[in-house]
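S.K.: Submitted below is the structure of interest, expressed as structure tokens.
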Amino acid sequence: MCIRDRYEDHYQALLAKNNLNNCPVFGKTVHVNISRHTTIQSTQSKNVESDYVKDYSESPDQRYKIAGSKNFNNVVGPSHFLHLSNLYENVDEQFIRNLFAPVAQMKGFQYFKGTKKMAVAAFSSINDAVNVLMIFHNYSINGRFLKISFSKTTISAAN
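Going left to right, the sequence shown walks through residues 4 to 162 as our numbering numbers them.
Now the structure itself:
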């Protein structure tokens, strides 16, 4: 399988390559290379998307589309720890454990100090964390969209 992805600038492409090369995804390994081409050509009409050609430039899942955004400071490579944000106030740890259970078992969970809107979840493998992120990022919980990213914060450091 070949995936072509275009970034706003060279820094974003290098960041993606450095963080995603050799990353496990659903039991397989992703290999990332920088292309010599600066555009992505498709044989499909520009107005037609297929199973093989998708444009995510306006997607709500796209967190890093604004060049120079403060979100770039929080880009980290895949790890066992996921940062969960935009949590609904009444959502508890057991709800999150049950939500993720079909994909992976959480090994730990901790809210950030002073808020129940953000938490760190720990998993036994990077593959489990990647799978949870891919399936549940932007998942709707009581009308709020769960935001998930890899975390530079660990469980013990969340407080």
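We put the CB at the ideal spot given by N, CA and C, even for glycine.
Predicted model only: the values in this text are computed from it and were never measured.
Return no unless some Cβ of chain C is closer than 8 Å to the Cβ of Q97.
M.R.: The chain inventory of the structure shown lacks chain C, comprising one protein chain alone.
S.K.: The beta strand (DSSP E) that contains M121, what's its start and end?
M.R.: Here M121 belongs to no beta strand (DSSP E), and DSSP marks it neither H nor E.
S.K.: Can you name, in chain order, every residue of its own chain whose Cβ lies under 6 Å from the Cβ of N162, other than the five neighbours on each side?
M.R.: Reliability fails at N162, whose pLDDT of 49 lies under 50, so the model's placement of it is uncertain and no value is given.
S.K.: Just curious, the alpha helix (DSSP H) that R100 is in, first and last residue?
M.R.: 96-103
S.K.: I'd like to know whether the C-beta atoms of M121 and L85 end up nearer to each other than 8 Å.
M.R.: Cβ atoms of M121 and L85: not closer than 8 Å.
S.K.: Would you check if the distance between the CB atom of F3 and the CB atom of H83 is smaller than 8 Å?
M.R.: In the structure displayed, the chain extends from 4 to 162; residue 3 sits before or after that span and is not available.
S.K.: Out of C26, V79, P27, V28, state which residue places its alpha-carbon closest to the alpha-carbon of Q15.
M.R.: V79
S.K.: What span of residues does the alpha helix (DSSP H) with F139 cover, start to end?
M.R.: Per DSSP, the unbroken alpha helix (DSSP H) holding F139 starts and ends at 129-139.
S.K.: Under the three-state reduction of DSSP, which class applies to Q113: helix, strand or coil?
M.R.: DSSP, reduced to helix, strand and coil, places Q113 within a strand of the structure shown.
S.K.: Quick check: what's the CA-CA separation for L18 versus V33?
M.R.: 15 Å
S.K.: Would you decide whether F148 is buried or exposed? Buried here means 16 or more other CB atoms lie within 10 Å of its CB.
M.R.: exposed
S.K.: Leaving out five residues before and five after Y91 in sequence, what residues of the same chain have Cβ atoms less than 6 Å from its Cβ?
M.R.: Taken in chain order, the residues that qualify are I144, N145, R147.
S.K.: Would a C-beta distance cut-off of 8 Å place S154 and V123 closer than the cut-off?
M.R.: yes
S.K.: Rounded to a whole number of angstroms, what is the C-alpha to C-alpha distance between V94 and N141?
M.R.: 15 Å
S.K.: Put L87 into one of helix, strand or coil per three-state DSSP.
M.R.: Note: L87 maps to strand in three-state DSSP.
S.K.: What residues in its chain sit with their C-beta under 6 Å from that of K150, if we drop five residues either side in the sequence?
M.R.: S88, N89
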